[in-house]
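Q:
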Amino acid sequence: MSNSSYPMDFVSDLNNERMNWKVHLKILSIWNLHSTPNSSMVTSMILVDEKANKIDAIIPNGLYRHNFKKNLKEGEWYFMSDFNVVPQNPISRYSWHPFMIQCKWETKMVHITPRSINNYMDFIDYDEIKYAGTQEKEYVTVDHLQSPRQMMIRWRKWILTKTKLGR
């Protein structure tokens with residue numbers, strides 16, 4: 001399925017002008033949620049390719065031709081194809097990519113060998129976030145380690161580094 005005779009795309013290539021995408025992606029995070037109080041459950045993911053480009057993805061609740069959902073695991077790599085690329089949700093976005101992946105009936109996600117050993121997370125010292133702007137602080141997740149001195153900050157928007165933002 002991920003045969004080299006089929007060219008692979010990268011997250012940076014994804015847009016809504018084409019439909020036949022094939023990508024290798026690592027699941028950085030996966031969780032279930034209700035998008036609104038009365039809505040059905042959806043599975044959300046933050047995905048990354050080997051070039052460290054990140055994108056949000058959702059698996060709406062429902063039936064799929066390939067029963068892949070139950071086998072998905074954080075930290076694992078997958079070949080993914082037959083999905084929609086739709087505009088990003090401005091309310092609950094976790095990446096800076098202008099689009100997001102939306103699974104559909106035909107979507108395939110097949111486990112593959114790792115494409116990289118990178119964990120794709122950006123950790124910074126607590127002092128660096130102390131003076132962050134209001135907008136930056138809303139994307140921060142705090143991990144308490146052994147002591148407050150060793151506290152590390154994990155940005156929910158680890159998806160981008162300051163360099164990629166052009167800062």
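Residues 1 to 167 in UniProt numbering are what the sequence shown spells out, letter by letter.
Ideal placement from N, C-alpha and C gives every residue a C-beta, glycine not left out.
Bear in mind the structure is a predicted one, so any value in this text is a computation, not a measurement.
Starting from TRP77, trace the beta strand (DSSP E) in both directions and tell me its first and last residue.
A: 77 to 81 is the span of the beta strand (DSSP E), which, as asked, contains TRP77.
Q: Should ASP13 go down as buried or exposed, given a rule of 16 or more other Cβ atoms within 10 Å for buried?
A: Exposed is the call here.
Q: Can you grab the Cα-Cα spacing for the pair ASN61 / GLN102, in whole Å?
A: Between ASN61 and GLN102, the C-alpha separation is close to 11 Å.
Q: Between the alpha carbons of SER116 and VAL23, how many angstroms are there, rounded?
A: Straight-line Cα distance between these residues: approximately 14 Å.
Q: For LYS69, which three-state DSSP category applies?
A: Looking at LYS69 - three-state DSSP - the assignment turns out to be helix.
Q: CB-CB under 7 Å to PRO114, same chain, minus the five flanking residues each way: which ones, in chain order?
A: The residues are TRP77.
Q: Pop quiz: ASN84 and LYS104 are said to be a contact at Cβ under 8 Å. What is the actual Cβ separation, rounded to whole angstroms?
A: Right, their Cβ atoms sit about 6 Å apart.
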